[in-house]
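**Student:**
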Amino acid sequence: MSTIERAEVFVASPGRNFVTLRITTSDGVTGLGDATLNGRELAVASYLRDHLVPLLVGRDPARIEDMWQYLYRGAYWRRGPVTMTAISAVDTALWDIKGKVAGLPVYQLLGGRSREGVMVYAHASGTDTEALIDDVQRFRDLGYRAVRAQAAVPDVGGTYGIRKGNGIYEPASSSRPEEQPWSTEAYLDHAPRYLRAVRERLGFDFHLLHDVHHRLTPLEAARFGKEVEDVRLFWMEDPTPAENQEAFRLIRQHTTTPIAVGEALSSIWDVQHLITEQLVDYVRTTVVHAGGITHLRRIFDLAALYQVRTGSHGATDLSPVTLAAAVHLDTAVPNFGIQEYMAHAEVTDAVFRSEVRLEDGHLLVGEAPGLGVEYDETLAARYPYEPRYLPVARRLDGSVHDW
Ligand code: CS2
Ligand code: MG
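Going by our numbering, the letters in the sequence shown line up with residues 16 to 418, in that order.
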């Protein structure tokens, strides 16, 4: 029987900080897992190195479900983003290994193709409405069927999602948390107007998405959703913090604007009522933060029972290992909705050589056994980790708000 011979944790910053787990079996087969938790990377690296790696060596890599149960129940302290990201990385690496041993791409192990390509959405932003409209059009010209739109709110420096220049959007950009001002009143006044302007200028023959990014109360979110119903959003994302799943009942009572939640959540229990009460239309949990392929397919299967579709998070702080695993799952699941996609930096793609390809607004999975990603640790080592924090939002009275 093949056993796990070693498990290595790589912390490096090719383009941005990533934590990558590589498991190697006694037969020399390797598997990769993403363990990146933006702004708290070293906590997961330590959880893996100091607590999980000693338990992995000598175990059977083929027993993926048993390993998941062993690591989840065996921790005693359950759930939470650090624990679940560490478990996710081990799980993903074992699925990579299983595919390589079977000589099959992971999507074949998940039931085979349900679709050829995986529709993605791009990220348009602008410092004002005109710049946003131009940016949306730019992505439409590149063939994207779906585009997220975020514009700066005048006089509010903390609007979420505004790319600096034509670079890649990266919110964790400083060695201490940047404190950004926030005004809900200004946002609620401005966002419906710029979203409506996009539709008035560019029409309705593409999907338009918007990320509220946890900023509103349930009633404010209900008002926002109602106000933009004529914009026909594909979804409004994270309209209110989701620790309180019941809060979404109020939003649902007032608006038919579709809702997407889940990128900051890390287990089926965190989305259970959102799904079973159909309080959301898309669940955004991910391979890297919600328990790996094993747990995410459970979440997606529960969602399918309630006609909730998938819409996994896919920002640049999720590595190409997560993106590849996501596209394998997206290719196979019956209730696929959409996949978030932000192109990584060139140096990131040089370190993580992936078979995933973007064509005509869709991601295509490769046919290589496993996930189809190789990690170049030598090149990665040239880019040492640097502490980076996500911003903190403060209301105009100085009190902390949800960033
Ligand atoms: C955002 C993310 O992509 C999204 O929908 O919510 O950019 C999020 O802010 C980052 O992943 C946080 O690290
Ligand atoms: Mg988001």
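Here a beta-carbon is modelled for each residue, glycine too, at the ideal position from N, C-alpha and C.
1. So who's on the other strand from residue 297, going by DSSP bridges?
2. Please classify residue 214: does DSSP put it in a helix, a strand, or coil?
3. For the ligand MG, which residues have a Cβ under 7 Å from at least one heavy atom, in chain order?
4. Tell me which residue opens and which closes the alpha helix (DSSP H) that residue 99 is part of.
5. Between residue 355 and the ligand CS2, is the CB less than 7 Å from at least one heavy atom?
6. For residue 49, verify whether its CB is less than 7 Å away from any heavy atom of the ligand CS2.
7. Under 8 Å, with one C-beta from each stretch per pair, do the region 375-387 and the region 339-347 reach the 3-pair mark?
8. Mark residue 36 as exposed unless 16 or more other C-beta atoms lie within 10 angstroms of its C-beta, in which case mark it buried.
9. So, residue 147 versus residue 161, is the Cβ gap smaller than 8 Å?
10. Consult DSSP for residue 87 and reduce its assignment to one of helix, strand or coil.
11. State the Cα-Cα distance for the pair residue 443 and residue 280, rounded to the nearest angstrom.
12. Exposed or buried, which one is residue 259 when buried takes at least 16 other CB atoms within 10 Å?
13. For the alpha helix (DSSP H) containing residue 145, name the first residue and the last one.
14. Cα separation between residue 17 and residue 137?
15. Using the DSSP secondary-structure output, state which residues sit across from residue 388 in a beta bridge.
16. Please classify residue 157 as buried or exposed, where buried requires at least 16 other C-beta atoms within 10 Å of its C-beta.
17. Which residues in the same chain have their Cβ closer than 8 Å to the Cβ of residue 124, if we skip the five residues on either side of it in sequence?
18. Any heavy atom of the ligand CS2 closer than 7 Å to the Cβ of residue 53?
19. Would you check if the region 387-397 and the region 167-186 touch, i.e. whether three or more CB-CB distances between them fall below 8 Å?
**Tutor:** By the coordinates alone:
1. Here residue 297 corresponds to residue number 282 of the sequence shown, with the count starting at 1. Its beta-bridge partners are 275 and 324.
2. Counting from 1 along the sequence shown, the entry for residue 214 is found at position 199. The answer is helix: DSSP assigns residue 214 an H, G or I state.
3. Counting every residue whose Cβ lies closer than 7 Å to a heavy atom of the ligand MG, we get 226, 228, 252, 253, 278 and 328.
4. Taking the first residue of the sequence shown as 1, we reach residue 99 at position 84. Per DSSP, residue 99 belongs to the alpha helix (DSSP H) from 96-117.
5. Along the sequence shown, read from residue 1 onward, the residue named residue 355 stands at position 340. True, at least one ligand heavy atom lies under 7 Å from that Cβ.
6. Here residue 49 refers to the residue found at position 34 when the sequence shown is read from its first residue. It does not: the Cβ of residue 49 is nowhere closer than 7 Å to a heavy atom of the ligand CS2.
7. yes
8. Stepping through the sequence shown from its first residue, residue 36 is reached at position 21. Burial is judged here by how many other beta carbons sit within 10 angstroms of a residue's own beta carbon; residue 36 has at least 16 and is buried.
9. Stepping through the sequence shown from its first residue, residue 147 is reached at position 132. Stepping through the sequence shown from its first residue, residue 161 is reached at position 146. In this structure, residue 147 sits away from residue 161, with a CB-CB distance that is not shorter than 8 Å.
10. Within the sequence shown, numbered from 1, the residue matching residue 87 stands at position 72. In the structure shown, residue 87 sits in a helix (DSSP, three-state: H, G or I).
11. Because the chain spans 16 through 418 in this model, residue 443 falls outside it and cannot be assessed.
12. Position 244 of the sequence shown, counted from the first residue, corresponds to residue 259. Its Cβ having fewer than 16 others within 10 Å, residue 259 is exposed.
13. Taking the first residue of the sequence shown as position 1, residue 145 is located at position 130. Start and end: 144-156.
14. Taking the first residue of the sequence shown as 1, we reach residue 17 at position 2. Taking the first residue of the sequence shown as 1, we reach residue 137 at position 122. For the pair residue 17 and residue 137, the Cα-to-Cα distance works out to about 42 Å.
15. Locating residue 388 in the sequence shown gives position 373, counting from the first residue. According to DSSP, which records beta bridges pairwise, residue 388 is partnered with 369.
16. On the sequence shown, position 142 is the one that residue 157 refers to. With fewer than 16 Cβ atoms within 10 Å of its Cβ, residue 157 is classed as exposed.
17. As a first step, residue 124 must be located in the sequence shown, where it is residue number 109. Here the set comprises 110, 113, 114 and 117.
18. On the sequence shown, residue 53 is found 38 positions in, with the first residue counted as 1. Within the cutoff, so yes.
19. no
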